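Novice: Dropping the structure in here first, questions after.
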Amino acid sequence: MPKITMNVNGASVSAEVENRTVLSAALREEMGLTGTHIGCDTSQCGACVVHVNGKAVKACTMFAVEADGANVDTIEGQAHADGSLNIIQQAFQDHHGLQCGFCTPGMIMSAAALLKDNPKPTEAEIRDYLEGNICRCTGYQGIVNAIMAASGQSAAIAAE
Amino acid sequence: MAADGGMGHATKRREDVRFLTGRGRYTDDYTPAKTTYCAFARSTVANGKINSIDTSAAAEMPGVVAVFTGEDFADVGGNPAGWLINSRDGEPMKEPKRPVLAHGKVRHVGDAYAAVIAETLEQAMDAVEAIDADIDELDAVTNMADALANTDTLVHDEIGTNQCFDWGWIEDNRAATDEAIKNAPHVTTLELVNNRLVPNAMEPRCSIGEYDPGTGDYRLTTTSQNPHLTRLLISAFVMGIPENKLTVHAPDVGGGFGSKIYHYGEEALVLAAAKKLNRPVKWTSTRTEAFLSDAHGRDHVTKIELACEKDGTFIAFRTETMANVGAYLSNFSTATPTFLHGTLMAGNYTVPNVYVNVKAVFTNTAPVDAYRGAGRPEATFSLERVIDKAARELGIDPVALRRKNFIKPDQYPYASAAGLEYDSGNYDALMDGLEKRADLAGFEARRAESAKNGKLRGLGINAYIEACGIAPSNLVGVLGSRVGLYDAATVRVNATGNISVMVGAHSHGQGHETAFPQVVADMLGVDPMSIEIVHGDTSKIPFGMGTYGSRSLAVCGSAVFRATEKIIKKATLIAAHMMEDKPENVDFTDGEFAVKGTNKKVSFGEVALKAYIPHNFPLESIEPGLEETAFYDPANFTYPSGAYACEVEVDPETGKVDICSMVAMDDFGNVVNPMIVTGQVQGGLAQGIGQALLEHGIYDENGQLLSGSLMDYAMPRADDLPNFVVDHSHATRCTHNPIGVKGCGEAGAIGSPPTVVNAVVDALQRGGHDVDHIDMPVSPARVWAAING
Chain A
1 MPKITMNVNG
11 ASVSAEVENR
21 TVLSAALREE
31 MGLTGTHIGC
41 DTSQCGACVV
51 HVNGKAVKAC
61 TMFAVEADGA
71 NVDTIEGQAH
81 ADGSLNIIQQ
91 AFQDHHGLQC
101 GFCTPGMIMS
111 AAALLKDNPK
121 PTEAEIRDYL
131 EGNICRCTGY
141 QGIVNAIMAA
151 SGQSAAIAAE
Chain B
1001 MAADGGMGHA
1011 TKRREDVRFL
1021 TGRGRYTDDY
1031 TPAKTTYCAF
1041 ARSTVANGKI
1051 NSIDTSAAAE
1061 MPGVVAVFTG
1071 EDFADVGGNP
1081 AGWLINSRDG
1091 EPMKEPKRPV
1101 LAHGKVRHVG
1111 DAYAAVIAET
1121 LEQAMDAVEA
1131 IDADIDELDA
1141 VTNMADALAN
1151 TDTLVHDEIG
1161 TNQCFDWGWI
1171 EDNRAATDEA
1181 IKNAPHVTTL
1191 ELVNNRLVPN
1201 AMEPRCSIGE
1211 YDPGTGDYRL
1221 TTTSQNPHLT
1231 RLLISAFVMG
1241 IPENKLTVHA
1251 PDVGGGFGSK
1261 IYHYGEEALV
1271 LAAAKKLNRP
1281 VKWTSTRTEA
1291 FLSDAHGRDH
1301 VTKIELACEK
1311 DGTFIAFRTE
1321 TMANVGAYLS
1331 NFSTATPTFL
1341 HGTLMAGNYT
1351 VPNVYVNVKA
1361 VFTNTAPVDA
1371 YRGAGRPEAT
1381 FSLERVIDKA
1391 ARELGIDPVA
1401 LRRKNFIKPD
1411 QYPYASAAGL
1421 EYDSGNYDAL
1431 MDGLEKRADL
1441 AGFEARRAES
1451 AKNGKLRGLG
1461 INAYIEACGI
1471 APSNLVGVLG
1481 SRVGLYDAAT
1491 VRVNATGNIS
1501 VMVGAHSHGQ
1511 GHETAFPQVV
1521 ADMLGVDPMS
1531 IEIVHGDTSK
1541 IPFGMGTYGS
1551 RSLAVCGSAV
1561 FRATEKIIKK
1571 ATLIAAHMME
1581 DKPENVDFTD
1591 GEFAVKGTNK
1601 KVSFGEVALK
1611 AYIPHNFPLE
1621 SIEPGLEETA
1631 FYDPANFTYP
1641 SGAYACEVEV
1651 DPETGKVDIC
1661 SMVAMDDFGN
1671 VVNPMIVTGQ
1681 VQGGLAQGIG
1691 QALLEHGIYD
1701 ENGQLLSGSL
1711 MDYAMPRADD
1721 LPNFVVDHSH
1731 ATRCTHNPIG
1741 VKGCGEAGAI
1751 GSPPTVVNAV
1761 VDALQRGGHD
1771 VDHIDMPVSP
1781 ARVWAAING
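From first to last, the protein sequence lines stand for chains A and B. Per the working numbering, the very first residue in the first sequence carries number 1; after that it's consecutive. Per the working numbering, the very first residue in the second sequence carries number 1001; after that it's consecutive.
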């Protein structure tokens, strides 16, 4: 089996994977990073979004061997070094942007990618950007409010 | 009262931190040492006779360690239905066996007939492909009317019919209701479909079986909303494993919405395989398998009649419903279309006559069971659609017609014509609030503005009531439930003063780890962060009945309340002993015990420590320790209610519906954490709007699920939904549970579908189109067809 080496959340990690192993499975099974979730088998749900070389990628759409040599960032690497939540994570807690938590890692990673490209998105831009991330619990309002807040903007309708 | 973080405080959720940092622990995140992996062979035909299953090639595949077929489980029990429903003629419902693996016949696409266990998941999946199954495809029946009419095509040959039961509620009211409708000045009739939904919790099901040959103990780690019921079903009905030798553990659960209430055959299979192999066995559902094998929701076809006076006074509701139960009876499948549906068919109204007939029908489709709302959305949709139609026929404003028939605040407790006793509510206050928050007076101006843009604007109104806090065991026992529906909690005050609370409810997103401590902290006057909730593991918690039916806080929270009361009582004895006074002279406030009229006092923490260092205790009157358990069985259901308004814009060129506003005014009684309650309503609204506009589990006549993936099944995305206005300030306390709570988990999914459809029909009618009804999902194609005849 091919051996791959990636820089995951700032640390070099190696693993032997089959050619057919997708990145999401490699992160979970070979590297123990179970924060990246698998919610579907058609690349629709977005629970497995990670950053590969700084770009948001659904980790189920990429073979692990394609990520050989890449910088990969996952949900486990998002908090500050002291363990405190980063501004997006904190906004999700403050604005009740999660319930069961299963879609949350993908939502956080997508939100981070959005705000990197578009630091002050409108509500419509946020909703449009999240088209590839499905949440079944929140109705998205807490998520949208959280991303607005993380970008320094106030939400259209605050949580009561 | 705890100053911060007690009842009524919008405390941020403590569980969020692990979910936000990737440290949640869901079932699939567990992989015990030496785990093997399971994959299932599932039927590709909807109805088929199994001639033979040759597993010899599969067994020789690399990495394969075992192959199972239905034959291996022929001698174990079936997965039972939890409620016995009797037909109108007194005959018990038909209960064909639901085996662990299909045996003899496959009955729906996705019905598992074999399982492969291998060293890796990929090897197991490859070996499934090598199973040679000789299955004769038979004609399938997916349409309920066809299934009842055509007994040549049977889902279960041994019962000779596709009808599970023919239920009447209340049968003694039938003649009076028929007579009232016959003589009524006005009768409005509506035929409607409550569309089949696929729950689609984002976490697919997953089960891990383990067996310890040294002790004979089994362990099942699984995605469950109620681990104790799963243990009971496996132990008492399916596999005969003694309950005390089986631990069921549901760790973090990624949503459920009903679909993870039930015991599924995959759970029994991984346990049996683990014992046989003496290794852990893990199965994780793919999303495709979830579509094919999770219990679906709704799927009713209903004819409803509303009889009324010319002035709009309601005289009678009569419904005839066909309810699809799919190919097998799932655990709550017989309760959902009956006692969670028929008993609500008086709605919020003083109607004197109600009669409900429900025929449950087997079809070659996935089992159908309780999904968020479970029977109550179906009841509300039928009622609130026919009321809207009647309003138009009678020329009465839809709000005025509802108000005219509302139960009034001075009429509680109110015995409804459908057999329930509502304890509290104020529907006029909710409607008053709705008129303001939704600015109903300003609708006409907004409609004119939409018209300028070529859009048809409509306003939909709805009132709902639901029965939650499921459920009083005495009552549901009479109604056919085979289990009690109490809940349980143990409050353990540790010697150093922090507290563990073991609860029978199990959060799958509802925030129990935050909300339950708010109740205890409020009562004990301690820091909520010193209180930890323990849930989901049958080896750690008292026997509870899990989370569904908006019951966690109303039933299990009440158990927590009662157990905490016992703690206070016991701690008062200890405090009195410490202060050398009589217990009746000791007051407990803000975390301190004090002797009345003196300055003697001890803190709760000091009492906790003393409880475990019982030097000089009067042991004949005070036992050491500070730990109490309460089992709470409610006296009645709770009755949340609400009034909703929705405004839509319809594009007459395309039929596309945009939701402009959605306002939810709900009465949930006392609110412990308003942030969590608002989130529950928002999520319910999204699922209700999904049902109304987008979602549909569609089977073709051959029993193939056409909307069987997230590419085909229209899950609501962020850009499909508006911002919601959610208001729960118009509250009337529940009168019979100690916290005064009613439950909020399902309201949004119950109240919103008729609101949306009423709004779309209103838009078309105001636009001059003669449209009475459009079935859900109200897709652009259906709206366009309605506009264009």
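Idealized CB from N, CA, C, for every residue including glycine. The structure displayed is predicted, hence computed values, not measured ones.
Can a CB atom of chain A be found closer than 7 Å to the CB of A1041(B)?
Specialist: It does not: the Cβ of A1041(B) has no partner Cβ on chain A nearer than 7 Å.
Novice: Assuming A1327(B) and T1365(B) form a contact by the criterion Cβ under 8 Å, report the distance between their Cβ atoms to the nearest whole angstrom.
Specialist: That belief holds up - the Cβ atoms of A1327(B) and T1365(B) are roughly 6 Å apart, short of 8 Å.
Novice: In whole angstroms, what is the alpha-carbon distance linking A1180(B) and I1315(B)?
Specialist: Whole-angstrom Cα-Cα distance: 7 Å.
Novice: Give a yes or no on whether the C-beta atoms belonging to N1670(B) and G1740(B) are separated by under 7 Å.
Specialist: The answer is yes: Cβ separation under 7 Å.
Novice: Classify L1706(B) as buried or exposed, calling it buried when 16 or more other Cβ atoms lie within 10 Å of its own Cβ.
Specialist: L1706(B) is exposed by the Cβ-count criterion.
Novice: Please compile the residues from chain B whose C-beta is within a distance smaller than 7 Å of the C-beta of P105(A).
Specialist: The contacting residues are G1022.
Novice: Along the region 115-146 of chain A, what residues have a CB closer than 9 Å to any CB found in chain B?
Specialist: Under the 9 Å Cβ criterion, the region 115-146 of chain A contributes E123, A124, I126, R127, D128, Y129, L130, E131, G132, N133, I134, C135, R136, C137, T138, G139, Y140, Q141, G142, I143, V144 and N145.
Novice: Counting only Cβ pairs nearer than 8 Å, list the residues of chain B close to F92(A).
Specialist: Result: D1016 and L1020.
Novice: May I have the straight-line CA-CA distance separating A1791(B) from D1172(B), to the nearest angstrom?
Specialist: Outside the shown range of chain B, which is 1001 to 1789, sits residue 1791(B), and nothing can be said about it.
Novice: Checking the sheet assignment: what are the DSSP bridge partners for K1601(B)?
Specialist: Beta-bridge pairing links K1601(B) to A1594(B).
Novice: Given this structure, state the Cα-to-Cα distance separating S1259(B) from R1205(B), to the nearest angstrom.
Specialist: Their backbone Cα atoms lie some 9 Å apart in a straight line.
Novice: Helix, strand or coil for G1375(B) per DSSP?
Specialist: In this structure, G1375(B) counts as coil in the three-state DSSP scheme.
Novice: Identify whether K116(A) lies in helix, strand or coil by the three-state DSSP scheme.
Specialist: Helix, per DSSP.
Novice: Is H96(A) close to chain B, meaning its C-beta is less than 7 Å from at least one C-beta of that chain?
Specialist: Output row for H96(A): interface = yes.
Novice: Can you tell which of V1783(B), C1734(B), A1058(B) and Q1680(B) has its C-alpha closest to the C-alpha of L1255(B)?
Specialist: Before going on, a small fix: residue 1255(B) reads as Gly here, not Leu. For the residues V1783(B), C1734(B), A1058(B) and Q1680(B), the minimum Cα distance to G1255(B) belongs to Q1680(B).
Novice: Residues of chain B with CB closer than 7 Å to the CB of C40(A), please, in chain order.
Specialist: Residues of chain B passing the Cβ test: R1287 and L1710.
Novice: Which of the residues in the region 1335-1355 of chain B, read from start to end, lie with their CB under 8 Å from any CB of chain A?
Specialist: For the region 1335-1355 of chain B, which is checked against every Cβ of chain A, not one residue is closer than 8 Å.
Novice: Taking the straight line between their C-alpha atoms, what separation do you get for A149(A) and I126(A)?
Specialist: Cα to Cα, A149(A) sits roughly 12 Å from I126(A).
Novice: Nearest to G1427(B) by CA position, among D1667(B), A1445(B) and D1212(B), is which residue?
Specialist: Sequence inspection shows Tyr at residue 1427(B); the Gly mentioned does not correspond to that position. Of D1667(B), A1445(B) and D1212(B), the residue nearest in Cα terms is D1667(B).
Novice: Return the residues of the region 1719-1731 of chain B that lie within a Cβ-Cβ distance of less than 9 Å from chain A, sorted by chain order.
Specialist: Going along the region 1719-1731 of chain B in chain order, one finds D1719, D1720, L1721, P1722, N1723, F1724, V1725, V1726, D1727, H1728 and S1729 with a Cβ nearer than 9 Å to chain A.
Novice: For the beta strand (DSSP E) that contains D1172(B), what are its first and last residues?
Specialist: No beta strand (DSSP E) contains D1172(B), which DSSP labels as neither H nor E.
Novice: Jot down the residue ranges of each uninterrupted alpha helix (DSSP H) in the region 1659-1729 of chain B, minimum 4 residues, whole runs only, in chain order.
Specialist: You should have 1674-1689.
Novice: Whose C-alpha, out of A1400(B), R1402(B), V1399(B) and Y1422(B), is nearest the C-alpha of D1410(B)?
Specialist: Closest by alpha carbon: Y1422(B).
Novice: Say whether chain B places a C-beta atom closer than 7 Å to the C-beta of Q153(A).
Specialist: Judged by the 7 Å Cβ criterion, Q153(A) is not in contact with chain B.
Novice: Would you list the one or two residues that DSSP bridges to L1101(B)?
Specialist: For L1101(B), which the question treats as bridged, DSSP gives no partner whatsoever.
Novice: Express the C-alpha separation of N1195(B) and A159(A) in angstroms, rounding to a whole number.
Specialist: Note that A159(A) has pLDDT 44, beneath the 50 cutoff, so the model's placement of it is unreliable and no number is given.
Novice: Could you give the distance in angstroms between the alpha-carbon of A111(A) and the alpha-carbon of M1715(B)?
Specialist: Cα-Cα distance, rounded: 20 Å.
Novice: Under the three-state reduction of DSSP, which class applies to K58(A): helix, strand or coil?
Specialist: Strand at K58(A).
Novice: Taking the C-alpha atoms as reference points, what is the distance between A1390(B) and R1402(B)?
Specialist: Roughly 11 Å separates the two Cα atoms.
Novice: Can the beta-carbon of M1675(B) be found closer than 7 Å to that of A1010(B)?
Specialist: Going by C-beta atoms, M1675(B) is nearer than 7 Å to A1010(B).
Novice: For E30(A), which residues in chain B fall below 7 Å Cβ to Cβ?
Specialist: Result: empty, since nearest Cβ-Cβ is about 11 Å, beyond 7 Å.
Novice: Can you say whether I1613(B) is buried or exposed, counting buried as having 16 or more other CB atoms within 10 angstroms of its CB?
Specialist: With fewer than 16 other Cβ atoms within 10 Å, it is exposed.
Novice: Quick check on E1179(B): does DSSP put it in helix, strand or coil?
Specialist: If DSSP states are grouped into helix, strand and coil, E1179(B) belongs with the helices.
Novice: Can you list, in chain order, the residues of its chain whose CB lies under 8 Å from that of G162(A), leaving out five sequence neighbours each side?
Specialist: The requested residue 162(A) is not part of the displayed model; chain A covers only 1 to 160.
Novice: With contact counted as at least three CB pairs below 8 Å, one residue from each stretch, are the region 1089-1105 of chain B and the region 1030-1038 of chain B in contact?
Specialist: No: fewer than three Cβ pairs fall under 8 Å.
Novice: Would you call S960(B) buried or exposed, if buried means 16 or more other Cβ atoms sit within 10 Å of its Cβ?
Specialist: The structure shown does not extend to residue 960(B), since chain B is modelled only from 1001 to 1789, so the question has no answer here.
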